[in-house]
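Numbering (our numbering), first residue to last: 542 to 1019. Glycine residues also receive a C-beta, built at the ideal position from the N, C-alpha and C atoms. Below is one structure, written out as structure tokens; comments come after it.
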Ligand code: ADP
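So this is what it looks like as structure tokens:
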């Protein structure tokens, strides 16, 4: 099959979060099993500093119309992580992709609409038939109406939209749409004068993939659909939940260059415990912590309301109360949340590591050093951190929602007892979290051997992309 993936992220070269990891993991696996896969991304200025293989100009100087302006662009091709990349460079006066960051700019809508339009122009010039055009999130969802309504001459058999988070929708105005040639289309409307790019993708794609089966159900049952419930229900027959995987090459404690000591799920518990202790000691030395104050519980997350910052703060206090150490790696775009954690950092200096930044290397080191990873998301489309943690022998403690519910199984859950790999709290309340953490501490202090099967199941389960990629292929084929 000829599959074209279009997205704003691709890890590790252009990663803001889980989306980038999905792009590399899925594309690499689809390529490995013999499909022709092309990944199209913006050519961000920061890509000048990463080693891209076989970088060359594919098409020079093709025009894109934006409002009354005609803008020249260059499409580059390159290879990264065994995948074929196509990188769109624009010579737009607003320098849309020279911003140091992937998102968070005032003109994100204009930048991403421009990218969507430019990719359509490129596909028109290329004239190569495509079996599946796979779009990711609102960022590129406008390509669906652009292609189906304005450019039916581009030969694309099916358009598939993966939704990584319904909360982010790309709300825009009619003038934003008009800039790329889309007219006042009622199907893109959520309210009068309010247009919505994710809705554009939902209405004009042939299939919609929320990134876990539970999340697919939740958004259809009006939970966490953020106003798009009617549109999703109306398109329910197109929806197929597929759980994400993690990239097993990027996340492997047996080879991870960031770690002090390597280990794997095949090792004895003694070896695993020793290796994790050495990794913990490296962090303890660096950040003036006591590696003996255990358990080490932590989180690696964006600090936004979805991720449950209040539950994280409660978890921190309870961990310290029980003599453990809490490690939080994350930052917040919301000043009040950032300040709250700065205060906690100040208050609990010796028994916590609160690092309010984005740090890829430290993330790898923490996954290896922690005993438990707390993921108290209010809702979670899939979540990668719980799967990464399990691969690194770190036991997840999660709220029963979305992809967390589909990947983490509690020993008290009769149905999944044999696969138990973590702790799950059912209600998103302080009491429910508190009760579960008490179970964790009781297990830790009184019966630590009961934790070993959880670690073993988590480390040896198959979290890779092989299975999810097969599910995508089944859907593409259908
Ligand atoms: P989301 O995409 O909603 O942020 P996911 O769990 O799907 O959440 O993916 C998060 C990814 O981003 C994981 O790979 C995680 O390790 C990484 N990550 C999150 N916060 C940080 C941080 N502060 N520093 C380094 N990596 C981070």
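Could you tell me the alpha carbon to alpha carbon distance between residue i and residue j, rounded to whole angstroms?
{"i": "residue 915", "j": "residue 603", "result": "48 Å"}
{"i": "residue 666", "j": "residue 695", "result": "9 Å"}
{"i": "residue 606", "j": "residue 612", "result": "6 Å"}
{"i": "residue 883", "j": "residue 709", "result": "27 Å"}
{"i": "residue 779", "j": "residue 690", "result": "19 Å"}
{"i": "residue 657", "j": "residue 765", "result": "26 Å"}
{"i": "residue 669", "j": "residue 952", "result": "52 Å"}
{"i": "residue 597", "j": "residue 659", "result": "18 Å"}
{"i": "residue 1005", "j": "residue 568", "result": "12 Å"}
{"i": "residue 573", "j": "residue 623", "result": "9 Å"}
{"i": "residue 629", "j": "residue 905", "result": "30 Å"}
{"i": "residue 811", "j": "residue 991", "result": "15 Å"}
{"i": "residue 957", "j": "residue 964", "result": "12 Å"}
{"i": "residue 977", "j": "residue 862", "result": "15 Å"}
{"i": "residue 788", "j": "residue 880", "result": "33 Å"}
{"i": "residue 672", "j": "residue 566", "result": "20 Å"}
{"i": "residue 733", "j": "residue 720", "result": "19 Å"}
{"i": "residue 808", "j": "residue 817", "result": "12 Å"}
{"i": "residue 830", "j": "residue 751", "result": "40 Å"}
{"i": "residue 770", "j": "residue 735", "result": "16 Å"}
{"i": "residue 561", "j": "residue 610", "result": "31 Å"}
{"i": "residue 704", "j": "residue 894", "result": "33 Å"}
{"i": "residue 749", "j": "residue 783", "result": "10 Å"}
{"i": "residue 688", "j": "residue 645", "result": "27 Å"}
{"i": "residue 700", "j": "residue 761", "result": "21 Å"}
{"i": "residue 707", "j": "residue 578", "result": "26 Å"}
{"i": "residue 844", "j": "residue 876", "result": "10 Å"}
{"i": "residue 544", "j": "residue 983", "result": "50 Å"}
{"i": "residue 973", "j": "residue 840", "result": "18 Å"}
{"i": "residue 675", "j": "residue 661", "result": "13 Å"}
{"i": "residue 757", "j": "residue 726", "result": "26 Å"}
{"i": "residue 614", "j": "residue 557", "result": "24 Å"}
Applying the 10 Å Cβ sphere with the 16-neighbour rule, what's the burial state of residue i?
{"i": "residue 634", "result": "exposed"}
{"i": "residue 874", "result": "exposed"}
{"i": "residue 616", "result": "buried"}
{"i": "residue 570", "result": "buried"}
{"i": "residue 955", "result": "exposed"}
{"i": "residue 698", "result": "exposed"}
{"i": "residue 744", "result": "buried"}
{"i": "residue 888", "result": "exposed"}
{"i": "residue 505", "result": "Summary: the structure shown does not reach residue 505, with the chain confined to residues 542 through 1019, and so no result is reported for it."}
{"i": "residue 970", "result": "exposed"}
{"i": "residue 790", "result": "exposed"}
{"i": "residue 917", "result": "buried"}
{"i": "residue 648", "result": "exposed"}
{"i": "residue 740", "result": "buried"}
{"i": "residue 717", "result": "buried"}
{"i": "residue 842", "result": "buried"}
{"i": "residue 763", "result": "exposed"}
{"i": "residue 920", "result": "buried"}
{"i": "residue 1019", "result": "exposed"}
{"i": "residue 891", "result": "exposed"}
{"i": "residue 896", "result": "buried"}
{"i": "residue 848", "result": "buried"}
{"i": "residue 1037", "result": "It is not possible to answer for residue 1037, since the shown part of the chain is limited to 542 through 1019."}
{"i": "residue 755", "result": "buried"}
{"i": "residue 685", "result": "buried"}
{"i": "residue 575", "result": "exposed"}
Excluding sequence positions up to five away, which residues of its chain have a Cβ less than 7 Å from the Cβ of residue i?
{"i": "residue 837", "result": "821, 865, 866, 868, 910, 911, 912"}
{"i": "residue 554", "result": "588, 591, 621"}
{"i": "residue 619", "result": "593, 594, 595, 596, 626, 628"}
Looking only at its chain, what residues have a beta carbon closer than 8 Å to the beta carbon of residue i, apart from the 5 residues adjacent to it on each side?
{"i": "residue 975", "result": "855, 859"}
{"i": "residue 900", "result": "870"}
{"i": "residue 961", "result": "950, 951, 952, 954, 994, 995, 998"}
{"i": "residue 1016", "result": "701, 748, 750, 781, 783"}
What residues in its chain sit with their C-beta under 6 Å from that of residue i, if we drop five residues either side in the sequence?
{"i": "residue 988", "result": "none"}
{"i": "residue 652", "result": "637"}
{"i": "residue 825", "result": "832"}
{"i": "residue 563", "result": "785"}
{"i": "residue 806", "result": "1000, 1001"}
| Cβ contact (3+ pairs, closer than 8 Å) linking the segment 907 to 914 and the segment 941 to 957 | Contact check between the segment 907 to 914 and the segment 941 to 957: fewer than three CB pairs, one atom from each, fall below 8 Å, which does not count as touching.
| task | Decide yes or no for the touch test of the segment 922 to 941 against the segment 996 to 1012: beta carbon pairs closer than 8 Å, at least 3 of them. | result | Three or more Cβ pairs closer than 8 Å define a contact, and the segment 922 to 941 meets that threshold against the segment 996 to 1012.
| query | Is there contact here, the segment 844 to 855 with the segment 780 to 794, by at least three beta-carbon pairs under 8 Å? | reply | Cβ pair count under 8 Å is below three, so no.
| message | Does the segment 632 to 646 come into contact with the segment 576 to 595, if we say contact requires no fewer than three beta-carbon pairs (one atom in each stretch) closer than 8 Å? | response | Taking one beta carbon from each stretch, the segment 632 to 646 and the segment 576 to 595 have 3 or more pairs nearer than 8 Å; the two touch.
| field | contact_flag[the segment 545 to 564, the segment 676 to 688] where n(CB pairs < 8 Å) is 3 or more | value | Inter-segment contact for the segment 545 to 564 and the segment 676 to 688 is present: three or more beta-carbon pairs are separated by less than 8 Å.
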